[in-house]
Amino acid sequence: MNYTLNLGFRNFLIPQRIGVIPKNLKIGALNFGISRRMGCQELSSSSKSKCSLSSQPEETTAEGANNNGETSAGMTVQELKTKLRSVGVPTAGSKDDLVCTWNKFFSEEVDEFQEVVEDEKSTRVNDVHGEKVSKRKAKSLSAEEHAEVMSTVNSVDKRSTRRAKQTHADPNITVETCGHMQSRVAKTKSKAKSNTKKEPPLNTNKVSGKKATCLTSEVVSETCNKMDVSELPVEPWTVLAHKKPQKDWIPYNPRTMRPPPLADDAKHVKLMSWNVNGLRALLKLESFSALELAQREDFDVLCLQETKLQEKDVEAIKQRLLEGYENSFWTCSVSKLGYSGTAIISRIPPVSVRYGVGISDHDNEGRLVTTEFDSFYLISGYVPNSGDGLKRLSYRTTEWDPTLSNYVKELEKSKPVILTGDLNCAHQEIDIYNPAGNKRSAGFTIEERMSFEENFLKKGFVDTFRKQHPNVVGYTYWGFRHGGRKNNRGWRLDYFLVSESIADKVHDSFILPDVTGSDHCPIGLVLKL
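For what it's worth, the working numbering labels the leading residue of the sequence shown as 70, then goes sequentially.
Below is the structure:
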């Protein structure tokens with residue numbers, strides 16, 4: 070009996086709408102991050118007072134603020150920074166900025182603190198009025214409801230943690246995003262609710278059976294649309310994230326943009342591809358398995374790239390394949406162990422299998438597997454990255470790409486060809502979050518983009534996702550650093566390219582951005598036969 074191949078995916082089914090509470094409002098630690106207009110800068114500050122609410126009268130604190138204003142100008146920069154850090158306030162800027170921050174913080178802190186506590190149903194967020202705010206400081210704000218006004222900090226600490234998991238967003242919150250400005254305006258219209266009224270239950274994850282909760286809401290958008298937060302999905306990929314968006318671009322949402330499944334009697338094949346970034350590392354993850362992916366997507370063939378396996382590991386891996394997927398074909402790097410590597414796993418027996426392109430200089434890194442089926446060839450490919458300093462750019466564009474292009478065109482003489490995998494090129498500006506900042510980065514150089522176009526697209530191969538979604542921003546790769554996936558700052562590097570003769574038979578070309586476990590996510594193709 071074969072065993073499942075644990076691929077470490079996580080949370081296939083994510084609820085479309087769940088309650089949102091502010092990321093920067095953490096009552097349990099008495100931290101408040103209320104966006105203020107400082108005159109000299111936008112400031113998100115935190116108050117970490119350990120005193121009870123009743124021990125800080127407004128008059129006393131206001132008087133203290135005045136005194137602080139008189140003394141702050143006489144402090145050194147280091148003293149100002151030390152005191153500001155002690156209350157959780159950012160300390161960037163010149164001395165004038167720090168003095169401004171100090172005075173503004175103490176003059177506004179009490180009013181904002183009492184406003185949050187006294188309003189037990191909502192927190193009002195000040196309107197930014199269209200001012201430009203840097204993307205690093207832009208944060209979405211929403212209202213958090215509380216059951217009662219708590220008289221001491223200790224009682225807040227004990228209750229807020231339990232209550233956070235049951236809190237829902239006010240359905241009257243509106244988020245406005247406009248043009249190239251990355252600031253957001255959150256306007257809260259709170260309404261008093263009866264204590265006896267029951268809140269709707271959270272959506273339940275159907276795979277794990279556990280309640281899915283979300284304590285933060287990230288909105289990184291540059292469109293001119295207005296949307297209700299109650300209708301705003303929590304998935305970051307469903308919010309337009311791009312440094313230079315065009316007015317007709319929209320974010321990819323697989324929940325709404327995938328067509329209905331074909332009828333059971335419609336003859337078709339479903340292919341999937343995934344750069345796993347190390348299969349052995351993925352196998353160690355316990356959060357989910359390939360069985361769940363197979364049950365959810367019911368794919369016929371799975372192509373893998375960057376398995377990083379050695380030849381001695383392959384037989385052991387084969388013994389752990391999913392039942393029904395007994396046909397598997399693997400190629401490994403022999404020039405550099407534990408590097409590159411591709412595979413095809415199929416429940417349909419192929420007619421024939423080939424490894425590489427037949428040229429030893431290109432085949433010693435295990436970058437290509439070709440399977441022949443009755444009506445097409447399927448290639449799982451991992452195109453060489455141009456590397457740090459673009460050391461392999463010339464090899465990539467003058468040797469590898471032309472060789473691969475000639476190889477697929479030769480195959481195409483007998484049958485249509487499907488080339489899938491990590492092709493290591495974001496073809497257009499719509500395919501990368503920050504095009505201007507990556508013009509000399511591997512994967513987005515003009516040389517690579519022109520090579521991709523000349524060797525594949527102009528030779529009759531069709532980018533199926535872009536054909537189906539011409540104005541849609543959808544990424545397949547996110548760097549691990551700087552919260553790339555959390556903020557949807559990614560690249561579209563993975564493709565299904567098909568011969569022009571079968572392009573009209575493509576029913577769906579899709580991305581599964583919710584599947585984690587790698588820095589890439591799976592992509593898929595449904596082809597009518």
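Even glycine gets a Cβ: it sits at the ideal position worked out from N, Cα and C. A quick note: this is a predicted structure, and the numbers were derived from the prediction, not measured.
- Counting C-beta pairs with one atom in each stretch, the segment 510-524 and the segment 548-556 have fewer than three that are closer than 8 Å, which means they do not touch.
- Counting only runs of at least 4 residues, the segment 504-538 fully encloses the following alpha helix (DSSP H) elements, listed from N- to C-terminal order: 515-524 and 533-537.
- One Cα belongs to residue 482, the other to residue 488, and the distance between them is close to 15 Å.
- When secondary structure is reduced to three states using DSSP, residue 591 falls in the coil class, being assigned neither helix nor strand.
- The segment 565-582 makes no contact with the segment 504-516, as fewer than three CB pairs between them are under 8 Å.
- Exclusion of the five residues before and after residue 459 leaves 509, 511 and 514 as the residues of its chain whose Cβ lies within less than 8 Å of its Cβ.
- Taking 8 Å as the cut-off, the Cβ atoms of residue 400 and residue 410 count as close.
- Scanning the segment 420-496 from its first residue to its last, the whole alpha helix (DSSP H) runs of 4-plus residues come out as 429-432 and 470-480.
- The same chain holds no residue with a CB closer than 8 Å to that of residue 463 once the five nearest residues on each side in sequence are set aside.
- For residue 563, the pairing in a beta bridge is given by DSSP as 491.
- Beta bridge pairing from DSSP links residue 370 with 340 and 415.
- As computed with DSSP, residue 577 is found in a beta bridge with 595.
- When the Cα atoms are used, residue 379 and residue 346 turn out to be separated by approximately 14 Å.
- Just so you know, the alpha carbons of residue 145 and residue 349 end up roughly 54 Å apart.
- Beta-bridge annotation (DSSP): residue 398 is paired with 413.
- Counting along the chain, the unbroken alpha helix (DSSP H) around residue 348 starts and ends at 348-352.
- Distance from residue 374 to residue 553 at the Cβ level is roughly 19 Å; contact not present, criterion being Cβ atoms closer than 8 Å.
- Non-local beta-carbon contacts of residue 587 in its own chain, meaning distances under 6 Å to residues more than five positions away in sequence, involve 345 and 346 in chain order.
- By the Cβ-count criterion, residue 595 is buried, with 16 or more other Cβ atoms from all chains shown falling within 10 Å of its own Cβ.
- For residue 150, the enclosing alpha helix (DSSP H) begins and ends at 146-155.
- Residue 163 has no beta-bridge partner at all, per DSSP.
- Of the other Cβ atoms in all chains shown, fewer than 16 fall within 10 Å of the Cβ of residue 475; this residue is therefore exposed.
- For residue 384, the enclosing alpha helix (DSSP H) starts and ends at 383-387.
- Burial state of residue 563 is buried, judged by a 10 Å Cβ sphere holding 16 or more other Cβ atoms.
- Residue 325: member of the alpha helix (DSSP H) spanning 323-326, first to last residue.
- By the Cβ neighbour-count rule, residue 170 is buried, with 16 or more other Cβ atoms within 10 Å of its own.
- Taking C-beta separations shorter than 6 Å and ignoring five residues to either side along the sequence, the partners of residue 440 in its chain run 413, 419, 422 and 447, following chain order.
- Residues of the same chain with a CB within less than 6 Å of the CB of residue 465, apart from the 5 flanking positions on each side, are 453 and 455 in chain order.
- Rounded to the nearest angstrom, the gap between the Cα atoms of residue 365 and residue 395 is 19 Å.
- Non-local beta-carbon contacts of residue 339 in its own chain, meaning distances under 6 Å to residues more than five positions away in sequence, involve 368, 369 and 595 in chain order.
- The three-state reading of DSSP puts residue 308 in coil, since its state is none of H, G, I, E or B.
- Under DSSP, the beta-bridge partners assigned to residue 568 are 530.
- Distances from the CA of residue 444 to each of 336, 326 and 388 were compared; the closest alpha carbon is that of 336.
- Of the candidates 154, 326 and 164, 326 places its Cα closest to the Cα of residue 541.
- About 4 Å separates the Cβ atoms of residue 557 and residue 310, confirming a contact at the 8 Å cut-off.
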